[in-house]
Structures are given as structure tokens and as C-alpha cells.
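Each remark here refers to the structure printed beneath this line.
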Amino acid sequence: MESANQSTTSKSAWVAKPYVAVICAIITLALIALPVFFKQPVAEASAWLIFLGKFHPVVLHLPIGMLLMVIVLELNAKAHKTRTSVVPLLATFVSTVAALVFGYLLFLAGEFDTESLDAHFWSSVVFTVFLVWTIYIKIRSDLKNGSQLGYFVMLAISTFLMSASGHYGGIITHGDPLDSAPWVEKEKRSFGRAADDQPAGVADLLVYEQVIIPYFEAKCYSCHNDKKQRGSLRMDTYDFMLEGGEEGPCLVPGNLDESLMIVLTRLPLDDDYRMAPSNKPQLTESEQAVMEWWVAEGAPQNTKLGDMQASAEIIQHVQQITKAQLAEEKLAEDELEVESAEEASSPNE
């Protein structure tokens, strides 16, 4: 047994060598240099770059699952007063690097806004750096059969950083979950209902602000906002629509054929360039008709429906849109009232 321990010690003694710490330091500097010196997406993303970048959502789940497995193994080992193998931690590092590489390729392809990626990018890099040193401290601790306190502290920090990275990544793709928190939604609905207490006829509605923007918010902004910009396009302000994205201007007032917001929504549902994609909520017939009419009329920002030359058909479409919007708000308000009533009654049960 003693000879076996000596053999294991001699095989693992390389970990204690100074050059191993130097290698870890070099990896650290390389990871930190990545977002510092290579922070701009390529001007013309190749098909291969875009293709490989799409694997990031697939690979990113591996380090999450593996790190959780490491934590479970450590808790089990603690209960049985044993030590775990470093192999699961090494596998976590390899999968983390893979996720980082594919994520970087996705960034280079220009799929997302550079500014919105900063927190996710840096938290991912810092997480990988801490994971490198967590592995190093783990191996040194096992080699000397010494205290694992330093390793557990590093593992806890790495877990926190992984959670932060995942959170910021989720904000990029799905938006901030706090934006849909019950108390935030309640404030939005209360504000909306207060405005509806004094309803105006459709002739007094501002076409862009009160008719079009609400369904843009519901069906366009999730992919084209200040945090996420598919195709480098933002639609959350009028000026950004005029500016457009990689494929050209989103809005060209008075020109339906040059406005991508019209061209792409007219494509067949199975077309890769269709907006919105087939798996997303689509514009209704009324929403499409009003949007096309508004663009054809010069896309005015602050003009009431009654001040524009709207046909009876367009007025009917506007009525359908506003009716649906009010119905959705009323349904949301009713659901909120039911939830509030259930919460109020639950302590008495």
C-alpha cells in the first residue's frame, strides 16, 4: 500500500512544479486577453462561422451540468469522508472552453449587440479563469492530502460565476426575467388601464404610438431591442428602424419594396428570412394591413388616424387591433386579480 501511495505521489508530483502554475497563469492571461483585444465581430461573417456559432446553445449546458455533478460528488464525498477524483472537474473545464469558443464564434458572426454581451462575455471568461485555478488547487490539495478549504472556496466562487454568466446569457436571448415579474406587470397593467379610463375614438389614436408600437412590442422587440439585435437591427425606436441593420433599412417611409419590415413579413412562413420566424407569434391580417398602409402613407410618427386618409377597411383593421389589445389587457388584469385574491385567501386556509 505504501509503495502504491509513493507511486501515485511520484506520478502526481508534476503538479507541484512551478511551471504548472506558470501554465495556469498563461491560460488566465489568454482568456482575459480574448475580450480585451478581440472584441469586434467580423465585417462579413462566413457561413461556417455562423454555422459553428449556432452550436453554442447546445454546448453551454454541458459545463452547467458537469459542475453541478462535481458539487453533488463533493457533498457525497464529504459525507463519507473521502476525496473525489479530479476527472469530473477537468471534464467541466474542457466543456467550458468548448462553450466559450462556440460562444465567441457566435459573437464574431454578429448575431447580437456588442454592448449587451459585455456582462455575459466577461463573467464567462472570469468563470473559466477561476475554474482553472480551482482545478490546480484541488490537485495540489489531493497530492499533499491537505486541507480542502481553499478548493471548496474556489469551487463556490466558480459556481457563483457560472450562475452569473448563465443569467446574463439568458437576458440576451430571453430578456430580463425581472421585466415580467408580477409586481412589474401589475404596474404596467395599472398604467395601461388608467389610460383606458378615458377612451378615445379610433380617429384620435396616434397611429404609430398607440396602434403599431403595442404589437411591435409584443412581436418584434424580443429580437430587436437594446439588449438583443438580430441582424444588428433595433426596432424599439423610430430612428433605429430608419437606420436598419445588416440587410438594409427596416423602414423607408413611403416605399414598401425597400422597407425590410414589409418585405420580410410577406415571405412564406417556411422561408428562412421570414419575420417573424415560424416559431414566433405572427402578425395578424389587420396588423399587417395597418403596418403596410402606415408605411405607404409616409410612416408619420405623431399623426392621428383622423388626420390621415384612411379607408373604411383600414379603420376597421385598426378597430380590430385596438379591440384585441384591450381584450388582452382586460384578461391580464382579471388573471392578476384572481392571483391576488388567491394570495390573500391562502393564509386563512
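Numbering-wise (full-length UniProt numbering), the sequence shown opens with residue 1 and increments by one. C-beta: ideal position from N, C-alpha, C; glycine also.
Is DSSP giving residue i helix, strand or coil here?
i	result
LYS54	coil
ILE254	The sequence shown places Gly at residue 254, not Ile. In the structure shown, GLY254 sits in coil (DSSP, three-state: anything other than H, G, I, E or B).
LEU206	strand
GLN325	helix
GLY245	strand
SER229	Here residue 229 turns out to be Gln, not Ser, going by the sequence shown. GLN229 falls in the strand class under three-state DSSP.
LEU336	helix
Since residue i and residue j are thought to touch, with beta carbons under 8 Å apart, how far apart are those beta carbons, to the nearest angstrom?
i	j	result
LEU90	SER124	With 8 Å as the limit, LEU90 and SER124 do not qualify as a contact, their Cβ atoms being about 18 Å apart.
PRO281	ALA327	With a Cβ gap of about 15 Å, PRO281 and ALA327 do not count as contacting.
HIS61	LEU106	With a Cβ gap of about 15 Å, HIS61 and LEU106 do not count as contacting.
PRO249	ALA299	Actually they do not touch by this definition, with Cβ atoms about 11 Å apart.
PHE130	SER158	5 Å
VAL202	LEU305	6 Å
HIS120	SER165	6 Å
VAL295	LEU205	Their Cβ separation, rounded to whole angstroms, is 17 Å, which puts VAL295 and LEU205 out of contact at 8 Å.
MET308	GLU292	About 14 Å separates the two Cβ atoms, so there is no contact after all.
ILE172	LEU117	7 Å
THR265	GLN301	Not quite, the Cβ-Cβ distance comes to about 20 Å (not below 8 Å), so this is no contact.
Along the alpha helix (DSSP H) that carries residue i, what are the first and last residues, could you check?
i	result
LEU264	Careful: LEU264 lies outside any alpha helix (DSSP H) and carries neither H nor E.
LYS219	213-219
ASN76	61-80
THR303	Segment: none, THR303 is in no alpha helix (DSSP H) and carries neither H nor E.
residue 352	With the chain represented from 1 up to 349, any question about residue 352 goes unanswered, as that position is not in the structure.
Is it right to say residue i is buried, meaning 16 or more other beta carbons lie within 10 angstroms of its own, or is it exposed?
i	result
TRP133	buried
LEU155	buried
PRO199	Confidence at PRO199 is low in this model, with a pLDDT of 38, below 50, so the placement of that residue should be treated as unreliable; the coordinate-derived value is given next. PRO199 comes out exposed.
LEU269	exposed
PHE51	exposed
VAL58	exposed
GLN229	buried
PRO277	exposed
TYR273	exposed
GLN210	buried
GLU337	exposed
PHE160	exposed
GLU2	Confidence in GLU2 is poor, its pLDDT being 43 and thus under 50, which makes the residue's placement unreliable; the coordinate value appears in the next sentence. Flag for GLU2 reads exposed.
ALA92	The question names Ala, but residue 92 is Thr in the sequence shown. Classification for THR92: buried.
THR322	buried
THR237	exposed
LEU260	buried
GLU335	exposed
HIS224	buried
TRP48	exposed
VAL290	buried
THR128	buried
ILE139	buried
SER286	buried
LEU233	buried
ILE137	buried
Give a yes or no on whether 9 Å exceeds the smallest Cβ distance from residue i to chain C.
i	result
PHE51	Absent from the structure: chain C. Only one protein chain is present.
Is residue i near the ligand SAM, judged by its Cβ being under 8 Å from some heavy atom?
i	result
VAL125	As presented, the structure is devoid of all ligands, the ligand SAM included, so that no description of it is given.
Runs of alpha helix (DSSP H) lying entirely within the segment 78-156, each at least 4 residues, in chain order: The segment 78-156 is shown to contain whole alpha helix (DSSP H) runs of 4 or more residues at 87-108 and 114-144, in chain order.
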